[in-house]
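Data block below; observations after.
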Amino acid sequence: MAESKGMFVDTSYCTGCKGCQVACKEWNNLPMADHIGFTGNSYDNTEKLSAQNWRHVKFIEQFSDDRSMQRWLFMSDSCKHCQHAGCMQVCPTNAIIRTEFDTVYVDQDVCIGCRYCVAGCPFGVISMDEVSGTAKKCTLCYDRLQEGMQPACAQTCPTGAIQFGNVEELRAKAEARAQVLRKSGEQEVHIYGTEETFGGLNVFYLLLDKPEVYGLPTNGKLPSQKLGRGYVSSLIGLVGVGLAGLLTFRANRMKMLEEQKDEHFSS
Amino acid sequence: MPGLGTSFGRGGATTTPRDLAESDCIVIMGSNFAENHPVGFKWVLKAKEKGAKVLSIDPRFTRTSALATSYTPMRSGSDIAFLGGLINYVLQNEKYFKEYVLNYTNASFIVKDTFQDTEDLEGLFSGFDADKRSYNQSLWDFERDEPVKPTGELKTLTERIAAKKLKGHPKRDETLQHPRSVFQILKKHFARYTPEMVEQICGTPKQDFIKIAETITENSGKDRTTAFCYAMGWTQHTTGTQLIRAAGILQSLLGNMGRPGGGIMALRGHSNVQGATDLSTLYNLLNGYLNTPTVKKNHDTLENYLFEETKPTGWWVNYPKYMVSLLKAMFGDAATPENQFGYDYLPKLIGNHSHYNMFEDMHKGIVKGFFALGQNPAIGGQNAKFQREALGKLDWMVVRDPFLTETATFWYKAPEVVNGEINTEDIKTEIFFFPTAVFAETDGSFTNTSRMAQWKEKAADPPGDCRSDISFTYELGKRMKELYKNSTNDRDWPIHNFTWDYEPKEEDGFKIKEPDTVAMLKEINGYYVNSGKQVEKFADLKDDGSTACGCWIYTGVFPNSETNLAASRKGDDYVSLKWGFSWPSNRHVIYNRASADPAGRPWSDRKKYVWWDGTKWTGLDVPDFVVTKAPDSKAKPDGIGMDYLSGTDPFIMNPDGVIQLYGPLADGPLPTHYEPVDAPVGNKLYPKYPHNPAAIYYKNIPHNEVHGVGNPKYPHIMTTYRVTEHHLSGAMSRWLPWLAEIMPEVFLEISPELARSLGIQNGDWVTIETARSKAEAKALVTKRMRPFHIDGKVVHQVGMPIHWGYAGIATGSASNELTAIVGDPNANIHESKAFTCNVRKGRIKEGV
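The listed protein sequences derive, respectively, from chains F and D.
Taking our numbering, I'd label the letters of the first sequence as residues 1 to 267.
Taking our numbering, I'd label the letters of the second sequence as residues 1001 to 1848.
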């Protein structure tokens, strides 16, 4: 395998311009949504990642009652290309593979549309394309990588908030940047996506607040890792129990997200 | 543009986005930099990374505010009060850069005793004519010495004109104590702009304002520089020009002009606004900022025109050279000294022919035909309903755009047609729609926000039979020549004689042939008439007809027949002189002589940029000065042009070679706070004059009433703006699915406080009303908006982006349904950044 490729998304440089969303759709030829309309959720237009939206900029308005504390956080989100990829673990046909770039890729020719991966992703990244009947998500522009190019979103990002490269080098950059920010008084700087989060995320983030503020799960373990050794020997058991666990996990997560949204609206 | 021009000599941004990375403090006010100039904003972030303060001052908490180091709220329409407060803070606390102010500004000049300030006349300067709503500016002149008549032989037209017009040097008081010195006049004029007054007028808490003042002054001086960035948030006011003047005065007092990391960055609203303005997009300007001849001045002959327009001192002494060379470029061999180079054939202005007056004339049936090339006035024009009514009175209209814009479809899609107020059958305008090529489908150039021309190559043929605007215009010219070829009328002389030879190059690999844009750029650069050789620099242009030049400020962009510097692409890690071509003469930071002290040494090592090396000016940029003129050169007593200026006069475009802290404009020599024509409160400083007394009103335009002060029907302040996701009237974004969906619907940003009082929930439909018309939008209830406490009164601010209309994929109300047609007296620009409105829950019944 070549070196691990990934992206470092430095939200402290993100201006929320959505250029990454457009570049992604253009390169990957993803359609406009069937119905477009105002979400009411700040400047967010999709509210989630999906088979049609492989990138999504989150907008988080943080204002205290008297506005003495005022922040508007932006985060350009996509598939994290996890080391412990829930989607890959549950895929019964091996349609979801790890590429030579150490990224997670859904082979559209092999996908049977069983939807296990949809439940298997702890981030809600992957979903079904109703037209093709297959699961889709960010490929980290696998086709561009094969030609020695960087992903479309990273190339278009005007401020360098999305940086593509070798994961190890990017991690060092992220650490250095976090230190600078902490020194300048940013108290809540987090690097999200280190080893304890699903074995490490190839697409990882510098956040200006706690991960939960951005709607990111803080429990970085897949349910399968919590199961006893005995179950591992049984593929059927693994899938069955894993799925049940994941569904619960996902339900909890969605509930958490809903609560956050409610909070947002009331603020 | 006149705001910067009056202060510094040129209307262009004084610095570059790249140079902002060298700033210690960047003030972003009247601009939403991050959202509307997302690529250039990376340099602001670079400065921030190096420890610079980034101050966002805005009525709304924007995406720029989110990335800034601090956010300070202020009410829309109170900018001059805020900047005046900063000027007063600098003067009262002696935070100005004394050596810079004394040497490089007109602070020491003595003003005639016929000048009276707004402080003397309760809100007016001396010389106001209430009927004409204009000033007699001669009362504001400086006291000057007797001119010394030039003794040498006067060889050229330029020299003869200058000698005849020469004025004496201004009288000065270097101690700055004379009560009529500019410095003392400034002090008196701004004395009442205290932090308390700023709080009462702007709604900005006093301590927040002082913090801003401290940050700016701490980051200005010999060793540190502060930059100001503005855009339409400053220009679109009836006081817009003076607003930019206020920033100019402040930056000059702080010594931030002409220096790395300093300056005033005018962020243009379109990739080629600077280029379009340079090449006479405005009715009153010919190419290169030469004035269009008018019947209102003694412009009957070329010599009289040149006498009127030429300044005898400073660089503009060369005006005749640029005008004659332009006429030679326009009319070629037909332009001779005997026929005044064809001057008589230029159309002369008979009044104000700006967009609004043109539409007023259209509405009256005087203007019968109209070309809308890349313009969408049906929603992009203020009081949009009136604009559409005017379009409906035309005999014919040509619309050229990539998509069927609102202007092309108003006759069946406009709100007043859909709701039955106007019948399509009654609109007689015959409309010709030409789908156009887009930017990547033609060669050409853009001149960006920092005066840099960058060449672009055609990447693909346009679809079908689409053509570029250049192609259309070239064909139109050819066909006009053909149509009039047998005419013997003298009035058709210019049609017979304008130079028009830009035939497509034979082989460029594309199916659709475009006119030869390289030939156009060569002509813009200028050439010697006899040899056909390119002119290398504008100093070589002549007033005798031996040179031809399409736009003198671009001379040097094509210095020989092989070299297109706009296409050069060798960047480096800073100034990048080999990337593109920045007018004038590839200078990036203009007025850069001021980056050195009077003796020619950098003010500090940290801020060195251009300096005198003992024999010449040199440094990181192209010096904006006569390269061999030593710092200790004295002004010649009888000197004209540049000889009138000394080696310490860096602002060579100004007649006295220095910054005009005090400089004449249509509404005064100094900026003064006046409220917008729609204002929530009266003028706290000058109650007798709530609004700019020289503002231009259009009272004969239908449904164009302004609201005045404190109109109870329209209690809230509205501001309009852009979002990153769309472009201008949306003509290039709302039709593209991937752009339409990322900001799909128009919204009204509204504070939770106001929403609660009006019973509005996030996501509800709301209707916004003004005396002009109505618009509807979805409510975006957000704490990013806030109520302001203005002089004891709570005033709510709302905001609405400008991009929507009734055609395209993403549709919605245009904010211009609400705006009024009014004009700043200097630039004729409207006041869409601050007006008043009413907001109610629910939709417009009539539909949109």
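We put the beta carbon where it would ideally sit given N, CA and C, even for glycine.
Within 8 Å, strictly: CB atoms of residue i and residue j
| i | j | result |
| --- | --- | --- |
| Lys1458 (chain D) | Asp1469 (chain D) | no |
| Val1044 (chain D) | Val1054 (chain D) | yes |
| Ile1110 (chain D) | Arg1172 (chain D) | yes |
| Ser1445 (chain D) | Gly1275 (chain D) | yes |
| Gln1137 (chain D) | Gly1152 (chain D) | no |
| Asn1838 (chain D) | Glu1769 (chain D) | yes |
| Ala1052 (chain D) | Ser1023 (chain D) | yes |
| His1673 (chain D) | Gln1236 (chain D) | no |
| Asp1223 (chain D) | Arg1734 (chain D) | no |
| Leu181 (chain F) | Ser12 (chain F) | yes |
| Glu1817 (chain D) | Lys1778 (chain D) | no |
| Phe1041 (chain D) | Thr15 (chain F) | yes |
| Gly299 (chain F) | Cys157 (chain F) | Here chain F comprises residues numbered 1 to 267, so residue 299 (chain F) is not present and cannot be evaluated. |
| Phe198 (chain F) | Cys114 (chain F) | no |
Beta-carbon proximity list for residue i, same chain, < 6 Å, skipping 5 on both sides
| i | result |
| --- | --- |
| Asn1256 (chain D) | Ser1220, Thr1225, Thr1226 and Gly1262 |
| Ile1350 (chain D) | Val1295 |
| Leu1780 (chain D) | Phe1747 and Glu1749 |
| Thr1720 (chain D) | Met1800, Ile1802, Ser1815 and Ser1832 |
| Gly1342 (chain D) | Leu1327, Phe1331 and Ala1335 |
| Gly1009 (chain D) | Phe1651, Met1653 and Asn1654 |
| Val125 (chain F) | Leu49, Cys79 and Lys137 |
Chain-order list of residues whose beta-carbon lies under 8 Å from that of residue i (same chain, five-residue window excluded)
| i | result |
| --- | --- |
| Ile1087 (chain D) | Leu1186, Phe1190, Tyr1193, Ala1246, Ile1249, Leu1250 and Leu1253 |
| Gly230 (chain F) | Low per-residue confidence applies at Gly230 (chain F): pLDDT is 46, beneath 50, and the placement is therefore not dependable, though the value from the model is reported in the following sentence. Here the set comprises nothing. |
Residue interval of the beta strand (DSSP E) (run including residue i)
| i | result |
| --- | --- |
| Phe1386 (chain D) | It is not in any beta strand (DSSP E) - Phe1386 (chain D) instead sits in the alpha helix (DSSP H) that spans Ala1384 to Leu1391. |
| Val1795 (chain D) | Lys1793 to Pro1801 |
| Trp1455 (chain D) | Met1452 to Lys1456 |
| Cys1025 (chain D) | Cys1025 to Met1029 |
| Cys91 (chain F) | Note, Cys91 (chain F): premise wrong, no beta strand (DSSP E); not H, not E. |
| Tyr192 (chain F) | His190 to Tyr192 |
| Glu61 (chain F) | His56 to Phe63 |
| Val1626 (chain D) | First-last for Val1626 (chain D): undefined, no H or E at that position. |
| Gly6 (chain F) | Lys5 to Asp10 |
Cβ separation of residue i and residue j, assumed to be a contact under 8 Å, to the nearest whole Å
| i | j | result |
| --- | --- | --- |
| Glu287 (chain F) | Leu208 (chain F) | The question about residue 287 (chain F) has no answer, for chain F in this structure spans 1 to 267. |
| Met1864 (chain D) | Val1746 (chain D) | Residue 1864 (chain D) is absent from the structure shown; chain D starts at 1001 and stops at 1848. |
| Met7 (chain F) | Tyr214 (chain F) | About 16 Å separates the two Cβ atoms, so there is no contact after all. |
| Tyr1230 (chain D) | Ser1031 (chain D) | 5 Å |
| Ala152 (chain F) | Trp27 (chain F) | 4 Å |
| Val1398 (chain D) | Phe1432 (chain D) | 5 Å |
| Ala51 (chain F) | Asp129 (chain F) | 4 Å |
Any C-beta of chain C under 8 Å from that of residue i
| i | result |
| --- | --- |
| Tyr1806 (chain D) | The question asks about chain C, but that chain is absent: this structure's protein chains are F and D. |
Residue range of the alpha helix (DSSP H) that includes residue i
| i | result |
| --- | --- |
| Gly1619 (chain D) | Element bounds for Gly1619 (chain D): not the alpha helix (DSSP H) but the beta strand (DSSP E), Trp1617 to Gly1619. |
| Asn1036 (chain D) | Phe1033 to Asn1036 |
| Ser1471 (chain D) | Asp1469 to Leu1483 |
| Leu1326 (chain D) | Tyr1319 to Phe1331 |
| Asn1000 (chain D) | Because chain D is modelled from 1001 through 1848, residue 1000 (chain D) falls outside the range shown and cannot be assessed. |
Proximal residues to residue i (C-beta, below 7 Å), its chain only, five neighbours per side dropped
| i | result |
| --- | --- |
| Glu271 (chain F) | Because chain F here runs from 1 to 267, residue 271 (chain F) falls outside it and cannot be looked at. |
| Ser1471 (chain D) | Glu1514 and Pro1515 |
- Interface residues of the stretch 177 to 198 of chain F facing chain D [CB-CB below 7 Å]: none
- Message: Which residues of the stretch 4 to 31 of chain F have a Cβ closer than 8 Å to any Cβ of chain D? Give them in chain order.
- Response: Tyr13, Thr15, Gly16, Cys17, Lys18, Gly19, Gln21, Val22, Lys25, Glu26 and Pro31
- Scan the stretch 1705 to 1728 of chain D for residues whose Cβ lies nearer than 8 Å to a Cβ of chain F and list them as they occur along the chain. Val1723, Thr1724 and Glu1725
- Task: Give the residues from the stretch 66 to 95 of chain F that approach chain D closer than 8 Å (Cβ to any Cβ), ordered along the chain.
- Result: Arg67, Gln70, Arg71, Trp72, Leu73 and Phe74
- Message: For the stretch 1737 to 1765 of chain D, list every residue whose C-beta sits within 7 Å of some C-beta in chain F, in sequence order.
- Response: Pro1737, Trp1738, Leu1739, Ala1740, Glu1741, Ile1742, Met1743, Pro1744, Glu1745, Phe1747, Asn1762 and Gly1763
- Message: Tell me which residues of the stretch 143 to 173 of chain F have at least one Cβ-Cβ distance to chain D shorter than 7 Å, keeping chain order.
- Response: Pro158, Thr159 and Gly160
- Residues within the stretch 1028 to 1042 of chain D neighbouring chain F, beta-carbon criterion of under 8 Å: Ala1034, Glu1035, Pro1038, Val1039, Phe1041 and Lys1042
- Give, in chain order, every residue of the stretch 1782 to 1797 of chain D whose Cβ lies closer than 8 Å to some Cβ of chain F. Thr1782, Lys1783, Arg1784 and Arg1786
- Which of the residues in the stretch 1250 to 1272 of chain D, read from start to end, lie with their CB under 8 Å from any CB of chain F? none
- When you check each C-beta in the stretch 1194 to 1215 of chain D against every C-beta of chain F, which residues fall closer than 9 Å? none
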